[in-house]
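Protein chains in written order, with the working numbering: chain A, 1 to 665; chain B, 666 to 831; chain C, 832 to 1025; chain D, 1026 to 1320. Have a look at the structure below before the remarks.
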Amino acid sequence: MSRIGVFICHCGENISRTVDVERVAQQVGKMPGVAFSTDYKYMCSDPGQNLLKKAIQEQNLTHVVVAACSPRMHEKTFRKAVEAAGLNPFLCEMANIREHCSWVHENREEATVKATEIVGMMVERVKKNRVLPTITVPVTKRSLVIGGGIAGIQAALDIADCGHEVILVEREPSIGGHMAQLSETFPTLDCSQCIMTPKMVDVANHPNIKLYTYSEIELVEGYIGNFQVTIKKRARSVDEDKCTGCGVCMTKCPQKKIPNKFDQNIGMRTAIYIPFPQAVPNTPVIDRENCTMFKTGKCGVCQKVCGPGAVDFEQQDQLIIEAVGAIVVATGFDLYTIDEKPKGSLIKGYGEFGHGKIPDVIDGMTFERLASASGPTGGKILRPSDGKEPKQIVFIQCIGSRAREKGISYCSKVCCMYTAKHTMLYHHKVHDGQAYVFFMDARTPGKSYDEFWRRSIEEEEAVYIRGMVSRLYQKGDKIIVRGSDIAVGVQVEIEADMVVLATAIQPQKGADTLAQKLGISYDKYNFYSEAHAKLRPVECATAGIYLAGACQGPKDIPETVSQASAAAAKVMTLFSKDLLEREPIVARVKESGCVGCFACKKVCAYGAVEEKEIRDRQGNLIKTVAFVNPGVCAGCGTCQATCPSKSVELDGYTDEQIVAMIESL
Amino acid sequence: MHPEKQTHDFEPKIIAFVCTWCTYAGADLAGTSRMQYPANVRVLKFPCTGRIDPVFILKAFQQGADGVLVSGCHPGDCHYIAGNFHARRRFAAFRKLLEFVGVDLNRLQFSWVSAAEGGKWVEVVTDLTEKVRAMGPMTEFKELAMEEQWSGAINTPELKEAYSQI
Amino acid sequence: MKKKKMIISQETMDVDFVRKVEALSGTSVRRCFQCGKCSAGCPMATFMEHPPNRVVRLLQLGQWQRILAGRSIWYCASCETCSTRCPNKVHLASIMDALRKLSWDAEGASKESYVQLANKLFLQNIRTYGRQYEMRLAAVFNVKSGQFLKDLMLGPKLLAKGKLKMFHRKNKNLSEIEKIFSRIEEMRKKGEAL
Amino acid sequence: MTRPNIMEYSYYPGCSLHASAGEYDLSTRELFKKLAIGLTEIPDWFCCGATPAHNVDELLSLSLCAKNLELADKIEGDVAVACAACFSRLKTTQHVLGESDVKRKQVEKALDAPLKLDGKVKHLLEILAKDLGLERLAAAVNKPLTGLKVACYYGCLLTRPTDVPDLDCVEAPTIMERVIEAVGAETVPWTHRLECCGANFTLSRPGVVLQLTHEILDSAKAAGADCIMVGCPLCHGNLDIRQKEIEKVYQTDYNLPVFYLTQLVGLSVGLGSKKLGLDAMIVNPTPLLKEKKLL
């Protein structure tokens, strides 16, 4: 006979406000098998947990039900407490009477009845719970970092510095990401390249970092501690081992007018190229779509001039398999592209601003490239249309951000600050020019951030206009800006020479595809979801996968770097042990019943089901049955629901337990 | 503020089978966002919709449920890669069986609710509750249970046959 | 111009009125975050004492008297530029419609009686003839508004070009239109429609 | 002579086309006859209520439009609408009643009949550009409008608000340009294609109209246009009828003929001045058309 202890939590007033906890405790106390039933103000607090432990020992309890918040919140807490009191942790269950009851119902009577039933259900379930032994699996102490922007670089360096091997995979020909494109950074105005390039070189030289650029993730298999990752290394057409990075090939390449994506297509590059002079690795790549050799079969100049003979037109894409124990996802962001239809929106953005039609209406990143000393204009602010210096420049914030109509409701967080920075850079470079900024709200929380914004107004003389712009149109060589100043309550018209649109931050294109490969979840915008918004901000719900940087939501550089180091710390925590304990929620085969149809094997997405031969003592084969490898099984239970002879059981979710719950209702 | 309970002639019993990663989390989100929905639903948590055996649904109806909700991750978002696809295929076949047994299919709802869709959870639960309330109590299976004292195990030839096709 | 201090309290913020506007317009008033894009693009903003964004702001504060006492809503051209460009999907043109309807119902004083008069005559014409007859509309408007000579110079030219029809016929199914008008009146009397 | 029509439509001309915009009505009928597109005027159609109705009484506006859609339902074919304001009201009615059950029920009650809202409402532009198609339109041309520089004026109601008229891109539409270029004319890029002319205030506040229309005419002139093309009788009223007045008030000289799209397209398929009602235009187009050898 089981002796079940039931503990009803008030959660301060969160539960007791709508649920009559005393009545629940009283009624559940009468259920068969329940030996002890009580209520307490905060079960998760130290005294609450002590109450639980004491009751287990004093009352000789065999099973425990804690009725409180969601098991997603505190199941671990209470199972630990139960274990400390000498019981197997899997003999403890939680009844969710907060998220699923007290918070979603207002009527006290209804909520109390429902709470009683929920607790009753868990009481019946826990009776059927079995002692489950902890399962341990080995940990491969290598990690994969996806994305070589500042987030990926920081995470990779931190992990590598701790002595573990890191595989860093970057889609572009060079690491560096968006930060390498920036001119100067807020709020200190230090040059982005100056602080970024040393880190990039560190990555290249680190003995523990294996760098794959121009490469993508093809397939991810396995589970925490034991992932197998297939990486597709795209053909660079240049042998990385032979290339010395002398750059002769690039000076001789006849294709010289290809818009360079790194320069937001305002600068030009050759067909064999490195995206920017400080690229890491300093090995060029041939852009096969624009290369004369690949298009017509005639040219090969680069190959002829290459001293070490590194150019290889025959090179093929390669698939490389790496075993890792942890994955850091740092794929970063993309900028809202005005001329494309954003996800979830019916319309293309901002026809009223004429972006793409009026050459001097540019986006913020293009302004960064104009302002960058290594950019296509050598750091001079010049109009793309006629190369003249703009004397009146208008910045418009919130392009694509806070725009429900464009399918994006969130604030991109960094645009207020980078626009303030732009006004300063402009003022430093064009002394007789005037900058205007149209904005809705200025959001500048952060150390020295608001001071920075105020400085752009008070010292750098930017004119901030609270209001938005409705239309831009070309008149002669001017751009007419029609906006409003809502503080004054009048329409405003400015004849501008250049207009800069502060475009929103969006997740990388293909972020959803990668998430599906990794088995991690993402929100409606394709930002990756953390396991807990406050308490587990760098972990994914999928164990062993961690998040760093803007792939999880808009972030500035300091935040990104902190999160990357945090993700690295999480990886180190995982790597600090040789064996990993995991929940023993795995499937087991009852060999006596198994007929060897292997329907389970077909549905198992993890390849955890193996074939096992059963032989008698003489070694004659009796039958072949299924066997579930507990190290590989993820515990989804699909095999059990599929098994026609009911010979597989998922520990923790047995038919017996579930039927008991249904019958209690 | 103590809102009065809205009285109805009939309070249906709804049993929801949900996966822990998406819909259970979505329901948690509805809670943390303090959304309100009818108190008729009882939630049973599974690791994945792939674990949900159609027998549980029969069992629920037999046990007096007036409506059953099965909900998991959106197609493509399964935490276990493809469990929800297997579930979807299985339940498509199961609906036919259920119809054969004489259950009005309007009482059984499948939906996808992600961890981010607290609002959708509220909508799905509210809609099903109202729909089933309008349909009235489910009697077919209760009578069946009375007649056969059916244990939930598969012991009739028809069921066995139908089940083998799933 | 002297402006009255706005006293804000639960009593002075007329939430019921705002709800009515929301029901009529089918759009949220609270959703507006005052970016001012509507006012920036409004062709009529220069004629209004409260630019469009401020009309919504006053509504958010439940200060409808200030809106209805002014001429802003009657100077809206219903061009829908605001609704089209609003980043947050506030259908301001519909809010303007709702405000005009409520103002019309209240028959309160408005600074813009000409527009109201024109609207009133327009609707009367539909009720009487089923269609609009521009000549009659213009003539009656000028008489009622006391501007006998307005657009006088246009008249003969239009007549010569055949643009003004002196005679008009009534629709054969005129009774149906009368029924629609009276059914709507009835529904309103019974409180079935706003 | 009686070959079968390639397409059939029910036709909702709207009040203006029966009065001040008679030439729009005339040229529409003639053009469609020439292109072998059938038009059957909806018998006993009512006024759609236009801006005054939705301005002060949305329910009335919805009911009037729903009634017209019901009348149109009795005739084969989609509903062809000439006036941008009527087009906007009918489309909006379909949209609003599709979204709101409450309003749907109210209108049903006002009409005392089940609603018939599914009919496709199409502006003439849509019929020419999409249903007939630009290729077939171009094939019908026998007098291409070569050398005529046209400023296409959409006004406010043809494309707005987003998703409702569903005619073309709301901020950067090209449908008018595509149609008129298909018949050989040149179009000029200009800035005030989508600005409002203030038609609502023609009667009550003509001063407002003068100011708005003045800016539009200015912009078209500055862009080097020979003439303006419109698809709305209200825009036409302001740009054409009031043009002389604006010239006087603002001390300028535009002399920009304002054509309906059916007049210009009609010209290109060989219809004469009479059939297009060119003599009804206040700004005389004859010198321009003669200069371009189109008359």
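Think of the CB as a built atom: it goes at the ideal place given N, C-alpha and C, for glycine as much as any other residue.
Residue i versus residue j - alpha carbon distance
{"i": "A533(A)", "j": "R98(A)", "result": "18 Å"}
{"i": "T915(C)", "j": "K413(A)", "result": "25 Å"}
{"i": "V666(A)", "j": "T642(A)", "result": "No answer is possible for residue 666(A): the residues shown for chain A start at 1 and end at 665."}
{"i": "S1041(D)", "j": "Y1285(D)", "result": "13 Å"}
{"i": "W815(B)", "j": "L709(B)", "result": "Model confidence at W815(B) stands at a pLDDT of 43, short of 50, so the residue's coordinates are unreliable; what they give is reported in the following sentence. Roughly 22 Å between the two C-alpha positions."}
{"i": "D190(A)", "j": "M196(A)", "result": "10 Å"}
{"i": "T689(B)", "j": "C636(A)", "result": "For the record, residue 689(B) in the displayed sequence is Tyr; it is not Thr. Distance between the alpha carbons of Y689(B) and C636(A): 15 Å."}
{"i": "Q315(A)", "j": "L219(A)", "result": "22 Å"}
{"i": "H922(C)", "j": "C913(C)", "result": "8 Å"}
{"i": "G309(A)", "j": "D239(A)", "result": "8 Å"}
{"i": "V1127(D)", "j": "K1134(D)", "result": "11 Å"}
{"i": "D485(A)", "j": "K357(A)", "result": "26 Å"}
{"i": "I819(B)", "j": "K646(A)", "result": "Its pLDDT being 47, under 50, I819(B) is placed unreliably by the model, and nothing is read from it."}
{"i": "Q728(B)", "j": "I153(A)", "result": "57 Å"}
{"i": "C869(C)", "j": "G483(A)", "result": "9 Å"}
Presumed contact (8 Å Cβ cut-off) between residue i and residue j, rounded CB distance
{"i": "A1019(D)", "j": "A1110(D)", "result": "Absent from the model: residue 1019(D). The displayed extent of chain D is 1026 to 1320, so no value can be given."}
{"i": "K834(C)", "j": "A1305(D)", "result": "Contact flag wrong, Cβ pair sits at about 50 Å."}
{"i": "A84(A)", "j": "C9(A)", "result": "Actually they are not in contact, since the Cβ atoms of A84(A) and C9(A) sit about 18 Å apart, beyond 8 Å."}
{"i": "C291(A)", "j": "Q255(A)", "result": "7 Å"}
{"i": "S521(A)", "j": "A541(A)", "result": "6 Å"}
{"i": "F1112(D)", "j": "L1089(D)", "result": "In fact, because the Cβ distance is near 14 Å, the residues do not count as touching under 8 Å."}
{"i": "T366(A)", "j": "F395(A)", "result": "Contact flag wrong, Cβ pair sits at about 12 Å."}
{"i": "L501(A)", "j": "G544(A)", "result": "About 40 Å separates the two Cβ atoms, so there is no contact after all."}
{"i": "A752(B)", "j": "I717(B)", "result": "6 Å"}
For residue i, the three-state DSSP class (helix, strand or coil)
{"i": "E322(A)", "result": "strand"}
{"i": "M1201(D)", "result": "helix"}
{"i": "C1222(D)", "result": "coil"}
{"i": "H881(C)", "result": "coil"}
{"i": "P259(A)", "result": "strand"}
{"i": "P507(A)", "result": "strand"}
{"i": "R582(A)", "result": "strand"}
{"i": "D190(A)", "result": "strand"}
{"i": "K232(A)", "result": "strand"}
{"i": "Q1276(D)", "result": "coil"}
{"i": "T38(A)", "result": "strand"}
{"i": "W895(C)", "result": "helix"}
{"i": "T791(B)", "result": "helix"}
Buried or exposed by the 16-neighbour rule on C-beta atoms within 10 Å, applied to residue i
{"i": "N1263(D)", "result": "buried"}
{"i": "H881(C)", "result": "buried"}
{"i": "I321(A)", "result": "exposed"}
{"i": "V625(A)", "result": "buried"}
{"i": "T974(C)", "result": "In the sequence as displayed, the identity of residue 974(C) is Val instead of Thr. Exposed, since its Cβ has fewer than 16 Cβ neighbours within 10 Å."}
Against chain D: residues of the segment 372-390 of chain A by CB proximity under 7 Å: Listed by position along the chain: nothing, the set is empty.
Where the segment 868-901 of chain C meets chain A: residues whose CB sits under 7 Å from a CB there: Under the 7 Å Cβ criterion, the segment 868-901 of chain C contributes K868, S870, A871, G872, A876, T877, P882, N884 and R885.
Residues from the segment 64-81 of chain A in contact with chain B, defined by Cβ distance under 7 Å: So the close ones are S70 and R72.
Members of the segment 472-483 of chain A that neighbour chain D once the beta carbon cut-off is set at 8 Å: Of all residues in the segment 472-483 of chain A, Y473, Q474, K475 and I480 have a Cβ within less than 8 Å of some Cβ in chain D.
Chain A contacts made by the segment 1240-1260 of chain D, where a contact means CB separation under 7 Å: Residues passing the 7 Å Cβ filter: none.
Members of the segment 776-801 of chain B near chain A, C-beta cut-off 7 Å: Of all residues in the segment 776-801 of chain B, those with a C-beta nearer than 7 Å to a C-beta of chain A are A780 and A781, reading in chain order.
Short-range partners of chain C found in the segment 438-453 of chain A, where Cβ spacing is below 7 Å: Result list: M440.
Residues from the segment 697-710 of chain B in contact with chain A, defined by Cβ distance under 9 Å: From the segment 697-710 of chain B, only T697, S698, R699, M700, Q701, Y702, P703, A704, N705, V706, R707, V708, L709 and K710 have a Cβ closer than 9 Å to chain A.
Short-range partners of chain D found in the segment 352-369 of chain A, where Cβ spacing is below 9 Å: Those would be E352, F353, G354 and K357, in chain order.
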